[in-house]
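Residue 1 is where the sequence shown starts when you use UniProt numbering, and the numbers rise one by one after that.
Idealized CB from N, CA, C, for every residue including glycine.
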Amino acid sequence: MLKSASQDYYDEDQEKSTNCSCEMHQPMLVLHPIQKDYYDEDSEKPTCGNMFEVEGARILVNALYKNTTLTSLNLGHNTIGPKGGKALADALYNNTTLISLNLISSQISFEGVKALANALCKNTTLISLNIGHNNFGSKGGQALANALCKNTLISLDLGHNNLGGVLAKYIGQCLYFFRLKTKI
């Protein structure tokens with residue numbers, strides 16, 4: 001079953017209107033940001049890169065508070081930034097259906113991963129998290145490592161975040177101790 005919705009918002013940094021199109025494939029949501037300058041009207045899918053930003057994340061978070069069926073959310077390669085990461089973390093505190101979250105290359109940085117780490121301590125349903133390519137460094141990695149002791153993850157992708165060898169070893173020990181299956 002396919003449901004569609006769209007929300008227009010104004011991107012002040014680029015000074016043009018952007019349309020975010022959401023497709024609900026039960027039980028997974030895939031977001032296709034559409035930049036009107038590059039959208040091929042004859043195509044079902046946008047031809048441009050993803051540009052789903054902070055405002056789009058806020059719209060989605062509001063939906064997550066009410067949604068009781070969505071199990072997988074892929075926001076990979078969207079520039080939601082730290083504010084979008086914090087907004088998603090807020091939704092994860094109360095969401096009881098989402099089991100997979102992909103935030104690869106979404107520019108959440110340290111502030112966003114710190115908020116997500118705090119949410120992981122409370123959320124008991126998320127089992128797969130991809131936060132690779134977000135460059136949150138050792139500070140973000142430390143916040144995440146502390147959360148790994150109190151969560152339900154069985155799959156975790158931390159690739160390309162400049163964690164450093166010592167922190168990567170510590171995270172590995174946490175994962176082993178709590179018997180998580182992981183991809184690092």
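So residue 56 and residue 86 are in contact, right, with Cβ under 8 Å, and what is the actual spacing, rounded?
Not confirmed; about 14 Å, so no contact.
When you compare only the Cα positions, how much space is there between residue 29 and residue 169?
Annotation note: pLDDT 49 at residue 29 (below 50); position unreliable, coordinate value reported separately. Looking at the two C-alpha atoms, the distance is approximately 34 Å.
Since residue 107 contacts residue 134 with CB under 8 Å, what's their CB separation in whole angstroms?
7 Å
Local conformation of residue 109 per DSSP, three classes:
helix
Just to confirm before moving on: does the CB-CB distance between residue 127 and residue 97 stay below 7 Å?
no
What residues in its chain sit with their C-beta under 8 Å from that of residue 132, if we drop five residues either side in the sequence?
104, 105, 157, 158, 159, 160, 161
Cutoff 7 Å; reference residue 82; Cβ partners in own chain excluding five residues on either side:
108, 109, 111, 112
Do you know offhand how far residue 140's Cα is from residue 164's?
11 Å
Expressed to the nearest angstrom, what Euclidean distance is found between the alpha-carbon atoms of residue 75 and residue 100?
11 Å
Return the first residue and the last residue of the beta strand (DSSP E) that residue 156 is part of.
155-157
Residue 88: which of 129, 72, 58, 136 sits nearest, CA to CA?
58
The beta strand (DSSP E) enclosing residue 73, as first and last residue numbers
72-74
Closest to residue 69 by CA distance: which of 61, 54, 80, 95 is it?
95
Consult DSSP for residue 129 and reduce its assignment to one of helix, strand or coil.
strand
Just reading off the alpha helix (DSSP H) that residue 78 is part of, what are its end residues?
Where residue 78 is concerned, there is no enclosing alpha helix (DSSP H), given that its DSSP letter is neither H nor E.
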